[in-house]
Amino acid sequence: MRVLCLHGQGASPAIMESQTSTFRAYLPPTWSFDYLEAPCDSEPGPGLKGIYPPPHFCFFDKYNPEELEEAVEYVREVVEADGPYDAIMGFSQGASVAAAFIAQSPTSIKFGIFICAALIPPITALSEELVKTIGTFGHIDLPTLHCVGQHDTCYPQSVELSKSCESSLGQVLVLPGGHDVPRDDVTSRNIAHAIEKCARRALAMC
């Protein structure tokens, strides 16, 4: 199982590899993960400064439809060059780009994993309409897993994204904590179990 991984704003492939290491340890050893470096330089994301050294990257500095489309095209080129991939997994901004890519690009991708999805930083998304932007990429009719932080300030965006996915094929897993990937053993096992369930559902549809 090959998984393409998209990191969050102000992060990097190495940071996402670290963030996901605990739950990935419970997935089959035959699975492989490729971490895509976003194309734009960035300041470190919230909570990352002083913890993870530079460089830091983002898919876009501030959301607008044109920059999102450029990010989707960037991912599309990588998939065409390095694929096929069975799944795509994104954290925060990476999750929103992954969702837009799936909605707009027919590929070999069989399922999507969205962790703490956020298109717009919560400090900016002050109106309900801005929050709902993340749900306007198009309908996603693949199996999906939505990992949502119980106390995440981007929680409403994760919920909106889940609404744009086929409900009969989607799972929502509420995680303890905020805008991060919990590393405790119980939660890590739960995430891995939910991912495998999503993968089995996707393979059954092939």
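Numbering follows the UniProt record's numbering, in which position 22 of the sequence shown is assigned residue number 22; successive positions increment by one, without gaps.
No residue lacks a Cβ here, since even glycine has one placed at the ideal position from N, Cα and C.
Looking at the structure shown, is residue i part of a helix, part of a strand, or coil, going by DSSP?
{"i": "T144", "result": "strand"}
{"i": "L36", "result": "strand"}
{"i": "D82", "result": "helix"}
{"i": "A199", "result": "helix"}
{"i": "V97", "result": "helix"}
CB-CB under 8 Å to residue i, same chain, minus the five flanking residues each way: which ones, in chain order?
{"i": "H139", "result": "A103, S164, C165, E166"}
{"i": "Y155", "result": "V148, G149"}
{"i": "P55", "result": "S12, D41"}
Residues in its own chain within less than 7 Å of residue i by CB, not counting five upstream and five downstream?
{"i": "A100", "result": "L68, V72, F137"}
{"i": "Y26", "result": "S188, R189, A192"}
{"i": "G170", "result": "T144, H146, S162"}
{"i": "A38", "result": "H7, F57, C58, F59"}
What are the boundary residues of the beta strand (DSSP E) that residue i is part of?
{"i": "F111", "result": "111-115"}
{"i": "A87", "result": "87-91"}
Assuming residue i is part of the alpha helix (DSSP H), what are its boundary residues?
{"i": "G47", "result": "From DSSP, G47 is part of no alpha helix (DSSP H); its letter is neither H nor E."}
Would you mind sorting residue i into buried or exposed? The rule is 16 or more other CB atoms within 10 Å of its CB.
{"i": "S42", "result": "buried"}
{"i": "L126", "result": "Confidence at L126 is low in this model, with a pLDDT of 47, below 50, so the placement of that residue is unreliable and no value is reported for it."}
{"i": "S21", "result": "exposed"}
{"i": "A89", "result": "Position check: residue 89 holds Met in this sequence, whereas Ala was assumed. Buried: at least 16 other Cβ atoms inside 10 Å."}
{"i": "R200", "result": "exposed"}
If I measure Cβ to Cβ from residue i and keep anything under 6 Å in the same chain, skipping five residues before and after, which residues do I get?
{"i": "F32", "result": "Looking at the sequence itself, residue 32 is Ser, so the reference to Phe does not match. Cβ within range, chain order: R2."}
{"i": "D141", "result": "E166"}
Can you tell which of the options has its C-alpha closest to the C-alpha of residue i?
{"i": "E17", "options": "P29, P84, V181", "result": "V181"}
{"i": "F23", "options": "L119, I115, E77, S158", "result": "I115"}
{"i": "H6", "options": "P46, Y74, G50", "result": "Going by the sequence as given, residue 6 is Leu instead of His. That would be Y74, whose Cα lies nearest to the Cα of L6."}
{"i": "F91", "options": "S168, G8, E37", "result": "G8"}
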